[in-house]
Structures are given as C-alpha cells and as structure tokens.
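Here the sequence shown is numbered in this note's numbering, starting from 1 and rising by one per residue. Yeah, the Cβ is synthetic: ideal placement off N, Cα and C, and Gly gets one too. Everything below concerns the one structure shown next.
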Amino acid sequence: MMVNKNLNLEHTELVKDVPFEARVFLYFSIENKFGEDLTRLHENLKVWNFEHSDAKAYYSKAVERDNKTYFAVTIEFDYPTYLDEKVVNGLIEETKQNFTDFFHQKIEGIQ
Numbered sequence: 001m002m003v004n005k006n007l008n009l010e011h012t013e014l015v016k017d018v019p020f021e022a023r024v025f026l027y028f029s030i031e032n033k034f035g036e037d038l039t040r041l042h043e044n045l046k047v048w049n050f051e052h053s054d055a056k057a058y059y060s061k062a063v064e065r066d067n068k069t070y071f072a073v074t075i076e077f078d079y080p081t082y083l084d085e086k087v088v089n090g091l092i093e094e095t096k097q098n099f100t101d102f103f104h105q106k107i108e109g110i111q
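Structure, rendered in structure tokens:
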C-alpha cells in the first residue's frame, strides 16, 4: 500500500480544566486510511512520549473518517508553566516536530 506521508496539523486546543494544570491537544491528519494496519500503527504510536522539564506529551488516539486518519497528541503543562505563552508555544513546536519524526519512522514499516 502506498502511504501519503504528509502529516498535517489540523487544530491546536488549549484546555485549562483544573487550577494547577493545563492541556494542549494537537490534532494531526493524513490523507490516508490504514484499514487493518491502523491497529498496528496505533500500537506503535502508543509508545511515543516526549518528556520536558515543564511538560509531558503523549500520543492519545487515532480515528479514521472519510479519506483521512486523524491522530491526537496531548501535552500536559503544570502551573505556572502554562501561563508563559513563549514556553508553551516553544513546547508545542518541539512536540509537533518530535511526533512527526516518530510518526514517519513508524509508517515506514506499514507501507
């Protein structure tokens, strides 16, 4: 199967649901459906996490809709880190790059 490797960032959402932490959800998409291989890809992606002194990021889930597959990544920030927009934006960029690199390594085995 030929896999489109263009992983696109669809949406970023900041949620401050409790007083001492905040989460940023990153939603990626790829114009490809994996079918039965989605379970294997999901298992491969579950091991990904990205630790930082001010936050931690991890892969959440994958969903297929129409002709796309969507991937969710969560970044958890502690207080007061999430109040510093520069730090948050930098960590979002680092996480996007780190997850994209890891994702591309994992889909190589699925093609």
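Beta-carbon spacing of F34, L41 below 7 angstroms:
Yes, these two residues count as a Cβ contact at 7 angstroms.
Exposed or buried, which one is F20 when buried takes at least 16 other CB atoms within 10 Å?
Exposed, by the Cβ-count rule.
Just the C-alpha distance for N67 and S29, rounded to the nearest angstrom, thanks.
Computed Cα separation, rounded: 10 angstroms.
DSSP has V128 in a bridge; who is on the other side?
With the chain covering only 1 through 111, there is no way to say anything about residue 128.
Tell whether a beta-carbon distance below 7 angstroms holds between T74 and S53.
Taking 7 angstroms as the Cβ cut-off, T74 and S53 do not qualify as a contacting pair.
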